[in-house]
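S.K.:
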């Protein structure tokens, strides 16, 4: 500010070095003067186009541009007719395809023709002489700058912004307070009255729930499964829930049930073995990597492949990870057989299903 | 054709060299067509899988073509599994789609041209079925008139993770793959569900009931009969082919246009 006021008595030329001095923080003469500065190479020599030298080519280019505009008009008209003559008829998917195809192609190429015509016009027909427009200085004149300061002062005076501190501070406070509700509202994105950790640690499965077919809900008997079978399973009673809740629960409780030869299963403990029944095992379908449904089961290799990131689990070895980014084996659902021969859950999973989260181990 | 205005002495009186190729071609086509008609005629005839003569014929075919790996009594060897109790459906699927006899060991026996006539396939099936009880070949009535909507839901739950929701197939582990189902015959799809060939799980009649299987078959037949409503489906294998198409052709077109816009006119 002081500099500008000081500069008002000086003329324009003497003012500019002074400002440069201020910017670099050094006095002129002490700065390193480069001797190998890159010289302005100037413009390349003007090259004439064919359309500049040959009037017939110019006329042809002009004709092409005009024709492209006519083509665009024709395509726009075509689009209108396509809408009229290829209507979408309820229940007929082919009519949707034809309608969107012709309307899309017509309008896209109508616009495309305008673009091509405009570019071709500019490149081949319009004059293309090179010209130099010097950039004008960004800095205003000394008078303008002084007047601007004056206006600010006047405005401050008239509004009383500096003088009436009560109003000013009130306004600043209001501006600060205004975005606060938006931050508070973010709380609404998290579950309100339940602990989200708890939600992730428990599923719909509990002791005695029968294993049922997805999507019918028909309970499964152990004798229904032959060796090599794989069944997609939901818990009994899941289908009685309201739809949103049902889907939320299904997303955690989905299970893949397979039957192997009992001798093919390798267990690390008798306890884990007791979670299976005669070669029938049930594993969570939710990948421990990022939660995709893992269900690509190969009945001879007993491998289970996740289609999203190629994690592989070995059902014969307690679903250990044998390939890919998953960090943990798939959780096993402990199963047993009830007095009627139906498969039931012994309990919920012994650990949270799906991907890791901060409080998982607590 | 060679007798034009100026017949050269060398060519006069001789056939055009193309004539020989044409003659051989016509000969081959006629023989092939006649053979094809003859075999179709055999295939359409009903074969009684329980008749001793058919079983006997199947046994001889088995000994000549399958016993090397599966053993003379189909009891299985180091090279191939036992076939006792796999049923006629398994044989009809494996041999009827050309997967067996296997050409070379590998991660998976691929589909290839069928090596036997339909009658021979049925005879082999009859022989294997006679060794022990197993799933039989579904009748035509078990394949027709299913509910497409229910079949679609069952397909998405039980099949789509490997075979793709549009039946386009997909990759499995270590070189194995789930084949595409767009060209599979309904009877083979049914038999595959019933028997669980190779690494495919078994979907027995208590898991997917015969009516469920009929619905799944109906869904696949519906997919075959109805073109993709979105137009060009790029083999329906999802983001890979679609991404490749857009990255190469779409971006290529944009780059080409950009170069054209900024290039100086001649």
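Chains as they are written, first to last, in full-length UniProt numbering: chain L, 1 to 362; chain W, 1 to 266. Yeah, the Cβ is synthetic: ideal placement off N, Cα and C, and Gly gets one too.
Please classify residue 188 of chain L as buried or exposed, where buried requires at least 16 neighbouring CB atoms within 10 angstroms.
M.R.: That one is exposed.
S.K.: What residue does the alpha helix (DSSP H) around residue 259 of chain L start on, and which one ends it?
M.R.: No alpha helix (DSSP H) contains residue 259 of chain L, which is instead part of the beta strand (DSSP E) from 255–259.
S.K.: Quick check on this structure: which residue in L/70, L/201, L/233 has the alpha carbon closest to the alpha carbon of residue 216 of chain L?
M.R.: Of the listed residues, the one whose Cα sits closest to residue 216 of chain L is L/233.
S.K.: Determine, for residue 299 of chain L, whether the minimum Cβ-Cβ distance to residues of chain W falls below 7 Å.
M.R.: It does; some Cβ of chain W falls within 7 Å.
S.K.: Provide the residue span of the beta strand (DSSP E) that contains residue 213 of chain L, from first to last.
M.R.: Run containing residue 213 of chain L: 211–213, per the beta strand (DSSP E) assignment.
S.K.: Identify, in the order they occur along the chain, each residue of the same chain with its Cβ nearer than 8 Å to the Cβ of residue 70 of chain L, setting aside the five sequence neighbours on each side.
M.R.: Answer for residue 70 of chain L: no residue qualifies.
S.K.: Checking contacts by CB at 7 Å: is residue 24 of chain L closer than that to chain W?
M.R.: The predicted model places residue 24 of chain L with a pLDDT of 48, which falls under 50 and marks its position as unreliable, so this point remains unresolved.
S.K.: Return the first residue and the last residue of the alpha helix (DSSP H) that residue 263 of chain W is part of.
M.R.: Unbroken run through residue 263 of chain W: none, as it is neither H nor E.
S.K.: Indicate the three-state DSSP secondary structure (helix, strand or coil) for residue 223 of chain L in the structure shown.
M.R.: In this structure, residue 223 of chain L counts as helix in the three-state DSSP scheme.
S.K.: Pick helix, strand or coil for residue 298 of chain L, following the three-state DSSP scheme.
M.R.: Strand.
S.K.: Quickly, what does DSSP pair residue 98 of chain W with across the bridge? List them, please.
M.R.: Beta-bridge pairing links residue 98 of chain W to no other residue.
S.K.: In three-state terms, what does DSSP make of residue 93 of chain W?
M.R.: Residue 93 of chain W falls in the helix class under three-state DSSP.
S.K.: I need the straight-line Cα distance from residue 150 of chain W to residue 213 of chain W, nearest angstrom please.
M.R.: In a straight line, the C-alpha of residue 150 of chain W is about 10 Å away from that of residue 213 of chain W.
S.K.: Within 7 Å (strictly less), CB to CB, does residue 4 of chain W reach chain L?
M.R.: Here residue 4 of chain W scores only 47 on pLDDT, less than 50, and its place in the model is too uncertain to base an answer on.
S.K.: Answer with yes or no whether the minimum CB distance from residue 295 of chain L to chain W is below 7 Å.
M.R.: For residue 295 of chain L, the answer is yes, since a Cβ of chain W falls inside 7 Å of its Cβ.
S.K.: Mind checking the stretch 223–239 of chain L against chain W and listing, in chain order, the residues whose C-beta falls within less than 7 Å of any C-beta there?
M.R.: Answer in chain order: 224, 226, 228, 229, 230, 231, 232.
S.K.: If you compare alpha carbons, which of L/341, L/277, L/227 is closest to residue 219 of chain L?
M.R.: Comparing Cα-Cα distances from residue 219 of chain L to each of L/341, L/277, L/227, the minimum goes to L/341.
S.K.: Using the Cβ count rule (16 or more neighbours within 10 Å means buried), how would you classify residue 40 of chain L?
M.R.: Per the 10 Å Cβ criterion, exposed.
S.K.: For residue 280 of chain L, which of L/226, L/249, L/312, L/297 has the nearest alpha-carbon?
M.R.: Of the candidates L/226, L/249, L/312, L/297, the one whose C-alpha sits nearest the C-alpha of residue 280 of chain L is L/226.
S.K.: Could you check where the alpha helix (DSSP H) with residue 154 of chain W kicks off and where it finishes?
M.R.: Segment 148–158, the alpha helix (DSSP H) holding residue 154 of chain W.
S.K.: Please compile the residues from chain W whose C-beta is within a distance smaller than 8 Å of the C-beta of residue 63 of chain L.
M.R.: What residue 63 of chain L touches in chain W: nothing, since even the nearest Cβ is about 15 Å away.
S.K.: Quick one: is residue 54 of chain L buried, meaning 16 or more other Cβ sit within 10 Å of its Cβ, or exposed?
M.R.: Exposed is the call here.
S.K.: Indicate, with yes or no, if the ligand MG has a heavy atom lying under 6 Å from the CB of residue 283 of chain L.
M.R.: No copy of the ligand MG appears in this structure; indeed no ligand is present at all.
S.K.: Under the assumption that residue 217 of chain W contacts residue 177 of chain W (Cβ atoms under 8 Å), give the Cβ distance between them as a whole number of angstroms.
M.R.: Incorrect: roughly 21 Å between the Cβ atoms, too far for contact.
S.K.: Shorter than 7 Å from the beta carbon of residue 50 of chain L to some beta carbon of chain W?
M.R.: True, the Cβ-Cβ gap to chain W drops below 7 Å.
S.K.: Around the Cβ of residue 343 of chain L, are there at least 16 other Cβ atoms within 10 angstroms (buried) or fewer (exposed)?
M.R.: So residue 343 of chain L counts as buried.
S.K.: Taking Cβ positions only, does residue 204 of chain W come closer than 7 Å to chain L?
M.R.: Output row for residue 204 of chain W: interface = yes.
S.K.: Using a beta-carbon distance cut-off of less than 7 Å, what residues from the stretch 246–263 of chain W approach chain L?
M.R.: Taking 7 Å as the Cβ-Cβ cut-off against chain L, the residues of the stretch 246–263 of chain W that qualify are 261.
S.K.: Are any of the Cβ atoms in chain W nearer than 7 Å to that of residue 79 of chain L?
M.R.: For residue 79 of chain L, the answer is no, since every Cβ of chain W falls outside 7 Å of its Cβ.
S.K.: With 16 as the cutoff for other CB atoms within 10 Å, does residue 174 of chain W come out buried or exposed?
M.R.: Burial call: exposed.
S.K.: Please name the residue in L/293, L/95, L/90, L/318 whose C-alpha comes closest to that of residue 267 of chain L.
M.R.: Residue L/318 is the option with its Cα nearest to residue 267 of chain L.
S.K.: Quick one: is residue 45 of chain W near chain L, going by C-beta distance under 7 Å?
M.R.: With a pLDDT of only 49 at residue 45 of chain W, under the threshold of 50, the placement of this residue in the model should not be trusted; the figure read from the coordinates follows. Not one chain L Cβ lies under 7 Å of residue 45 of chain W.
S.K.: Any contact between the stretch 57–75 of chain W and the stretch 136–144 of chain W? By contact I mean 3 or more CB pairs, one from each, below 8 Å.
M.R.: Touching, no.
S.K.: Report all residues from its chain with a CB closer than 8 Å to the CB of residue 61 of chain W; omit the five preceding and five following residues, and keep chain order.
M.R.: Contacts found: 116, 120, 123, 124, 127.
S.K.: Per the contact definition of three or more C-beta pairs closer than 8 Å, is the stretch 174–191 of chain L in contact with the stretch 297–304 of chain L?
M.R.: At 8 Å Cβ cutoff, the stretches do not touch.
S.K.: If I follow the unbroken beta strand (DSSP E) through residue 280 of chain L, where does it start and stop?
M.R.: Unbroken beta strand (DSSP E) run through residue 280 of chain L: 280–284.
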